[in-house]
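Trainee: As numbered in the numbering used here, residues 73 to 381 make up the sequence shown, in order.
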Amino acid sequence: MMVKKIAILSPGDMGHAVGQALSEHGFELLTCLAGRSDRTGALARDAGFRVSETLNDLMVEADLLLSILVPANAETVAQEIAQSLQETGESTLIADCNAISPMRSEYISRIIESAGGRFIDASIIGHPPGRGVPPRFYVSGQYADAMLDLDGKGIAVKTLGGDIGRASGIKMCYAALTKGTSTLQVALLTVAESLGLSAELRAELAYSQKAVLENMESGIPRLPPNAHRWVGEMEEIATTFAAEGVTPHFHLGAASIYRLLEQTPYAAESPEDIDPNRTMAQTITVTAAQLSKGRAEDTDSEPESKGPD
73 MMVKKIAILS PGDMGHAVGQ ALSEHGFELL TCLAGRSDRT GALARDAGFR VSETLNDLMV
133 EADLLLSILV PANAETVAQE IAQSLQETGE STLIADCNAI SPMRSEYISR IIESAGGRFI
193 DASIIGHPPG RGVPPRFYVS GQYADAMLDL DGKGIAVKTL GGDIGRASGI KMCYAALTKG
253 TSTLQVALLT VAESLGLSAE LRAELAYSQK AVLENMESGI PRLPPNAHRW VGEMEEIATT
313 FAAEGVTPHF HLGAASIYRL LEQTPYAAES PEDIDPNRTM AQTITVTAAQ LSKGRAEDTD
373 SEPESKGPD
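This is the structure we're talking about:
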């Protein structure tokens, strides 16, 4: 069966861009906006999605559903999809494209398949379509080859065999490096700011790590608006590492850095509204101030110690 109609939950930053790219290559794009934000609705309309009233309508119409969500929502939405599959009696292809551990992907596959759906383990590496090199969709599982209908249509599809968890696994390893490294950079720059050594450290980095410094200066100002999505991703990576006998603490620490960034004023921006003029130094100054504020609040909340009676 050729894929012609594709549903995406949810058409957010990545989802709407994927949908728009696929639409430009002849696919019909569908979504359901129940419970979604006004921003998501606007993105869906701008990308040319046809909006269905209910999830059941999507199950009946779509040949393939792509789940592209914040990792923390993947399981809840999978349960909603399963209920819809049972109510409609459909056997829709369901590709979970979320940044989740192989173990969670296996669990979600059981939820979907027990409801009659056909599950594809998938993950996305790269920026949304239209921002340079097309994103790579890694896929695995019994029905993974169905995703090849989308290959070269604004995205690249790469198959990893018939085992559920392989596609999720490669995302965990890749994001451990990319998003994990970003948090290490934020952490060390924040400590330097707290120690009053930002200028001196920057001078040394400009001398001995010029390429790294340039990467930090372009990337770090964009982190706060995305931090809320990446806390859960770091926790999924930690779970993956622990399951393979590797310490989870690197990425539990990374999750804590994204939580810190999420608390800064810059986190209120949407990905479309990020201030292009904000510098790394400004971002780190605000992050260090937020850290100091949090430490002060923790100190204030500690009970007073009592001396001996």
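Glycine included, C-beta positions come from ideal geometry on N, C-alpha and C. All values derive from a computational prediction rather than experimental measurement.
(1) Taking buried to mean at least 16 other C-beta atoms within 10 Å of its own C-beta, is asparagine 298 buried or exposed?
(2) With DSSP run on the structure shown, which of helix, strand or coil describes aspartate 129?
(3) Enumerate in chain order the residues of its own chain whose CB-to-CB distance from alanine 339 is below 8 Å, with the five nearest sequence positions on each side excluded.
(4) To which residues of the same chain is glycine 304 closer than 6 Å at the C-beta, ignoring the five residues directly before and after it?
(5) In whole angstroms, what separates the C-alpha of isoleucine 292 from that of arginine 190?
(6) Please determine, among Val149, Gly107, Gly98, Gly91, the residue with the shortest C-alpha to C-alpha distance to leucine 115.
(7) Quick check on the burial criterion: 16 or more other C-beta atoms within 10 angstroms. Buried or exposed for proline 83?
(8) If we count the other Cβ atoms within 10 Å of its Cβ and call it buried at 16 or more, is proline 201 buried or exposed?
(9) Which word fits aspartate 381, buried or exposed, when buried means at least 16 other C-beta atoms lie within 10 angstroms of its C-beta?
(10) So, aspartate 135 versus valine 211, is the Cβ gap smaller than 7 Å?
(11) With H, G and I counted as helix, E and B as strand and the rest as coil, what does DSSP make of aspartate 381?
(12) Under a three-way DSSP split, which group does lysine 76 fall into?
(13) For the candidate residues Phe209, Ala283, Gly241, whose alpha-carbon lies nearest to that of histidine 199?
(14) Mapping the DSSP letters down to three states, classify tyrosine 210 as helix, strand or coil.
(15) Check aspartate 118 in the structure and name its three-state DSSP category.
(16) Measure how close the beta-carbons of leucine 222 and leucine 94 come, nearest whole angstrom, since I'm counting them as under 8 Å.
(17) Given alanine 326, which residues of its chain have a CB within under 6 Å of its CB, disregarding the five upstream and five downstream residues?
(18) How is aspartate 135 classed by DSSP in three states: helix, strand or coil?
(19) Taking the alpha-carbon of proline 343 as reference, which of Thr112, Thr148, His97 has the nearest alpha-carbon?
(20) Need the endpoints of the alpha helix (DSSP H) that alanine 275 sits in, please.
(21) With respect to the beta strand (DSSP E) encompassing valine 263, which residues constitute its N-terminal and C-terminal limits?
(22) How big is the Cα-Cα spacing for glutamate 369 and leucine 363?
Mentor: Well, looking at it:
(1) Your numbering for residue 298 matches position 226 in the sequence shown. Buried: at least 16 other Cβ atoms inside 10 Å.
(2) By one-based count along the sequence shown, residue 129 stands at place 57. DSSP places aspartate 129 in helix when its eight states are reduced to three.
(3) What you label residue 339 is simply residue 267 of the sequence shown in a count that begins at 1. Pro296, Pro297, Ala299, His300, Leu333, listed in sequence order.
(4) Here residue 304 refers to the residue found at position 232 when the sequence shown is read from its first residue. Correct list, in chain order: Pro143, Ala144.
(5) Residue 292 sits at position 220 when you count from the first residue of the sequence shown. Residue 190 sits at position 118 when you count from the first residue of the sequence shown. Roughly 39 Å between the two C-alpha positions.
(6) Mapped onto the sequence shown, residue 115 falls at position 43. That would be Gly91, whose Cα lies nearest to the Cα of leucine 115.
(7) Locating residue 83 in the sequence shown gives position 11, where the first residue counts as 1. Label assigned to proline 83: buried.
(8) Start at 1 with the first residue of the sequence shown, and residue 201 comes out as number 129. By the neighbour-count rule (16 or more Cβ atoms within 10 Å), proline 201 is buried.
(9) Translated into the one-based positions of the sequence shown, residue 381 becomes position 309. Annotation note: pLDDT 44 at aspartate 381 (below 50); position unreliable, coordinate value reported separately. Label assigned to aspartate 381: exposed.
(10) If you number the sequence shown from 1, residue 135 lands on position 63. If you number the sequence shown from 1, residue 211 lands on position 139. Not in contact: aspartate 135 and valine 211 (Cβ atoms no closer than 7 Å).
(11) As a working mapping, residue 381 is identified with position 309 in the sequence shown. With a pLDDT of 44 at aspartate 381, under the threshold of 50, the modelled position of this residue cannot be trusted, and the question is left open.
(12) The count along the sequence shown starts at 1 and reaches residue 76 at position 4. Lysine 76: coil per DSSP, three-state reduction.
(13) In the sequence shown, counting from the first residue as 1, residue 199 sits at position 127. Among Phe209, Ala283, Gly241, the Cα nearest to that of histidine 199 belongs to Phe209.
(14) Residue mapping note: residue 210 aligns to position 138 of the sequence shown, counting from 1. Strand at tyrosine 210.
(15) Translated into the one-based positions of the sequence shown, residue 118 becomes position 46. Residue state, collapsed to three classes: helix.
(16) Translated into the one-based positions of the sequence shown, residue 222 becomes position 150. Translated into the one-based positions of the sequence shown, residue 94 becomes position 22. Right, their Cβ atoms sit about 6 Å apart.
(17) Here the question's residue 326 lines up with position 254 in the sequence shown. Closer than 6 Å at Cβ, skipping near neighbours: Gly252, Thr255, Met306.
(18) Along the sequence shown, one-based indexing puts residue 135 at 63. In the structure shown, aspartate 135 sits in coil (DSSP, three-state: anything other than H, G, I, E or B).
(19) For the purposes of this step, residue 343 is taken as residue 271 along the sequence shown, with counting starting at 1. The candidate whose alpha carbon is nearest that of proline 343 is Thr112.
(20) Along the sequence shown, read from residue 1 onward, the residue named residue 275 stands at position 203. From DSSP, the alpha helix (DSSP H) with alanine 275 extends over 270-280.
(21) By 1-based counting over the sequence shown, the position of residue 263 is 191. That residue, valine 263, is in no beta strand (DSSP E); its alpha helix (DSSP H) goes 238-266.
(22) Here residue 369 corresponds to residue number 297 of the sequence shown, with the count starting at 1. Here residue 363 corresponds to residue number 291 of the sequence shown, with the count starting at 1. Going by the C-alpha atoms only, they are around 10 Å apart.
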